[in-house]
Amino acid sequence: MAVATQDTAIRTGRFARALIYLVLLLFVLFYMLPLYVMLVNSVKPLSEITGGGMMALPQVWTLEPWAKAWSTAQIGVQPTGLRPYFWNSISMVVPAVAISTVLGALNGYVLTKWRFRGDTILFGLMLFACFIPFQIVLIPMAAVLGFLGLSGSTAGLVLVHVVYGVGFSTLYFRNYYAVFPTELVRAAQIDGAGFFQIFWRILVPSSGPIAVVCIIWQFTNIWNDFLFGASFASGDGAPMTVALNNLVQSSTGVKEYNVHFAGAILAALPTLLVYIVAGRYFVRGLMAGSVKG
Amino acid sequence: MAANATPDFRTRLQTWLPKLVLSPSLAMVLVFVYGFIGFTVYVSFTNSRILPFVGPDGQPTHDLIGFTNYAKLFSLSHWEISLTNMAIFAGLYIVICTLIGLILAILLDQKIRGEGFLRPLYLYPMALSFIVTGTAWKWFLDPGIGLENIMQTWGWESFSFDWIKNRDFAIYTIVLAAVWQTSGFVMAMFLAGLRGIDNEILKAAQMDGASNWNLYRRIIIPQLRPAFLSAFVILAHLAIKTFDLVIAMTGGGPGRATELPATFMYSYTFSRNQMGIGASSAVIMLMTIAAIMIPYLYAELREKK
């Protein structure tokens with residue numbers, strides 16, 4: 021997080037401090053509760069959950085629900101488990117993140133170092149696109165994907181996520197490059213360096229942190245997307261979130277809560293891992309998307 | 056001649072290159088965002104029911120019918136329920152998130168040991184899909200296996216908590232899960248605001264004998280105005296877009312008790328084959344968000360110049 025630890029001038033007594041810690045810990049319990057429920061119930065037999073033991077630690081530990089959620093649970097017509105849908109999501113997320121990040125970097129470079137009349141308006145148009153309710157584009161997008169023959173395909177979803185992700189990636193790079201010394205760019209220009217040379221040799225080498233922020237943000241958002249996946253990818257081409265929802269909502273047979281929880285963790289795992297490893301960058305991305313960059 | 060033309064072309068290319076590089080993204084946004092908005096507005100004025108818009112004979116499959124869809128939309132009890140639910144949901148969600156976020160930020164700002172450990176624990180829900188957390192909440196709140204059952208097995212026999220299955224209360228369970236997911240984020244926004252406040256003013260006020268309560272009420276919280284504004288705008292637009300969480304937790308039910316405009320639009324467009332009405336509801340959603348976002352973005356962009 022971008023906040024520097026700074027001492028506040030407020031002074032608090034001993035009793036007040038104990039109370040503060042108590043409240044903060046209660047909130048930890050509140051925030052950890054669903055994660056605990058998911059984890060602990062994904063490793064116990066179904067009978068322990070239905071018998072009223074949702075909060076208890078497993079009496080019998082088992083990885084059966086995980087195995088079932090991953091490879092044999094009934095999701096579509098076939099009992100394939102979540103595995104193929106996991107790979108659907110991977111093959112959708114990787115190109116979509118790569119393309120939108122590269123485009124964002126180039127756009128940010130142009131909008132800050134090669135400014136022209138009306139560039140702020142163009143940026144405003146791109147920025148507003150980040151916040152539209154996507155319901156407004158579902159109908160024409162379905163029509164266009166059908167026209168292009170991309171309905172239900174991963175390529176179609178990549179296109180959708182690039183189009184609606186480029187606004188945020190442009191925002192990140194624009195705000196980052198705005199404080200990058202323009203004199204360096206001008207000096208290189210005088211030395212005869214071209215547009216791409218300057219970008220590649222001068223801006224890209226110092227873009228590490230913002231690239232990480234952008235990649236993490238796009239990865240998390242696209243992986244977690246449900247609306248586009250549910251609208252444009254049905255059946256075998258569905259991403260992980262849609263498959264998980266189908267698994268949980270399926271009304272046939274016994275409700276295997278432990279398998280649902282294991283599946284939920286599987287769907288959460290990639291973004292959760294990214295958060296654990298690079299949470300600082302994720303929060304920076306969140307903040308840049310809301311408050312002033 | 057030829058020797059002359061080459062550098063000339065190169066220089067011209069260099070001046071056009073920036074715009075050329077920007078143009079694919081710009082074209083994408085213009086077509087896929089603004090063009091599509093225009094298209095959806097057009098659909099909302101037609102009696103289209105399903106795709107495609109052009110029949111096999113090359114003739115359009117629909118007629119323009121003016122504002123009929125909007126009139127129909129606002130006469131549907133289904134839409135009225137969605138709007139009422141949205142008002143309840145958005146109101147509670149924004150207020151509770153802001154309160155929890157502010158309280159947590161203020162508490163965390165008291166030189167807390169382990170702040171670096173606590174903050175990520177409050178914020179991690181933002182990294183998770185609403186389908187994932189919705190699943191967890193759905194089963195945790197389920198009277199059959201969740202909270203109610205747990206309390207009863209722990210000995211509180213008469214404990215009853217069936218809100219998620221109860222028409223009158225189901226919407227509040229959506230509020231609970233949504234607050235859980237985003238309040239940590241609001242905390243981070245307020246904390247950033249608190250860390251930007253000048254300590255000298257506070258020290259001076261303390262010298263004058265101001266109590267902590269008064270410091271917060273009169274000096275600190277008023278200075279957090281920009282953070283309040285950002286939080287409001289972000290939360291309001293998240294509220295209007297809420298879709299996945301409802302689908303995962305209740306599917307809009309029981310009955311229509313948790314339908315929101317986003318779920319209304321989806322079901323009218325894709326399952327009920329009432330595309331014209333679906334489009335008109337999407338236009339209403341867009342206009343609501345635009346009314347909140349455009350002034351905000353305009354102010355943000357102008358400030359930066």
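Here the protein sequences come in this chain order: A and B.
One point on numbering: in the numbering used here, the residue at position 105 of the first sequence is 125, and numbering is uninterrupted.
One point on numbering: in the numbering used here, the residue at position 86 of the second sequence is 141, and numbering is uninterrupted.
Positions of the beta carbon are idealized from the N, C-alpha and C atoms, including for glycine.
A quick note: this is a predicted structure, and the numbers were derived from the prediction, not measured.
* Asked: If you drop the 5 nearest sequence neighbours on each side, which residues of the same chain put their C-beta closer than 8 angstroms to that of A/R31?
  -> none
* To do: Run the CB neighbour count on A/V233, radius 10 Å, all protein chains shown included, and call it buried at 16 or more, exposed below.
  => buried
* **4-residue-minimum alpha helix (DSSP H) runs that sit fully inside the stretch 165-221 of chain B, ordered along the chain** => The qualifying runs are 170-178, 185-196 and 202-208.
* To do: State the start and end residues of the unbroken alpha helix (DSSP H) segment that holds B/Q261.
  => N254 to M262
* C-beta contact flag for B/K193 and B/I167 at 9 angstroms -> no
* Roughly how many whole angstroms lie between the Cα atoms of B/L85 and A/P229? -> 29 angstroms
* Asked: Can you find at least 3 beta carbon pairs, one from the stretch 123-138 of chain A and one from the stretch 188-205 of chain A, that sit closer than 8 angstroms?
  -> yes
* Name, going along the chain, the residues of the stretch 124-153 of chain B whose beta-carbon falls closer than 9 angstroms to a beta-carbon of chain A. => none
* **Residues within the stretch 261-272 of chain B neighbouring chain A, beta-carbon criterion of under 9 angstroms** => Q261, N267, L270 and Y271
* Asked: So which residues on chain A does B/W192 lean against when the C-beta distance must stay under 7 angstroms?
  -> P54
* Run down chain B in chain order and give the residues with a C-beta less than 9 angstroms from the C-beta of A/A116. => Correct list: empty, because the minimum Cβ distance to chain B is about 13 angstroms.
* To do: Buried or exposed for A/E68, please, with buried defined as at least 16 other CB atoms from any protein chain shown within 10 angstroms of its CB.
  => buried
* Asked: Between B/N267 and B/M244, what straight-line distance do the alpha-carbon atoms span, to the nearest angstrom?
  -> 21 angstroms
* To do: Just tell me which of B/I295, B/L163, B/Q114 and B/G199 has its CA closest to the CA of B/V230.
  => B/I295
* Using 8 angstroms as the threshold, is the stretch 146-158 of chain B in touch with the stretch 315-324 of chain B, meaning 3 or more CB pairs across them? -> no
* Meets three-Cβ-pair contact criterion under 8 angstroms: the stretch 272-287 of chain A and the stretch 179-191 of chain B -> Touching, per the Cβ criterion.
* Using a threshold of 9 angstroms, state whether the C-beta atoms of B/A233 and B/F319 are closer than that. => With respect to the 9 angstroms criterion, B/A233 and B/F319 are not classified as neighbours on the basis of their beta carbons.
* Delimiting residues of the alpha helix (DSSP H) encompassing B/H133 -> S132 to L163
* Around the C-beta of A/A287, are 16 or more other C-beta atoms found within 10 angstroms, so that it is buried, or is it exposed? -> buried
* With 9 angstroms as the threshold, decide whether the Cβ of A/R206 is near any Cβ in chain B. => No, because no Cβ of chain B sits closer than 9 angstroms to the Cβ of A/R206.
* Asked: Excluding the five sequence neighbours on either side, which residues of its own chain have a C-beta within less than 6 angstroms of the C-beta of A/I242, listed in chain order?
  -> V113, A116 and H181
* Stretch-stretch touch, CB-based, cutoff 8 angstroms, three pairs: the stretch 120-137 of chain B with the stretch 268-281 of chain B -> The stretch 120-137 of chain B vs the stretch 268-281 of chain B: no contact.
* Asked: Using 8 angstroms as the threshold, is the stretch 260-280 of chain A in touch with the stretch 86-95 of chain A, meaning 3 or more CB pairs across them?
  -> yes
* **Within 9 angstroms, strictly: CB atoms of B/G239 and B/M181** => yes
* Interface residues of chain A around B/P175 at Cβ under 7 angstroms? -> G299
* Asked: Can you check whether the CB of A/L158 is closer than 9 angstroms to the CB of B/A337?
  -> Judged by their CB atoms, B/A337 and A/L158 are nearer to each other than the 9 angstroms cut-off.
* Pair every Cβ in the stretch 140-159 of chain A with every Cβ in the stretch 202-215 of chain A, then say whether three or more of these pairs are closer than 8 angstroms. => No: fewer than three Cβ pairs fall under 8 angstroms.
* Alpha carbon to alpha carbon, how far is B/I349 from A/Y277? -> Between B/I349 and A/Y277, the alpha-carbon positions lie close to 44 angstroms from each other.
* Output, in sequence order along the chain, the residues in the stretch 197-221 of chain B whose CB is closer than 9 angstroms to any CB in chain A. => D197, G199, I200, G201, L202, N204, I205, Q207, T208 and W209
* In chain order, what residues of the same chain have a beta carbon less than 6 angstroms from the beta carbon of B/C152, not counting five sequence neighbours either side? -> A distance below 6 angstroms between beta-carbons, with the five flanking residues on each side excluded, links B/C152 to the following residues of its chain, in chain order: V234, T237, S238, V241 and L290.
* Asked: Does B/L119 get closer than 9 angstroms to chain A when you measure Cβ to Cβ?
  -> no
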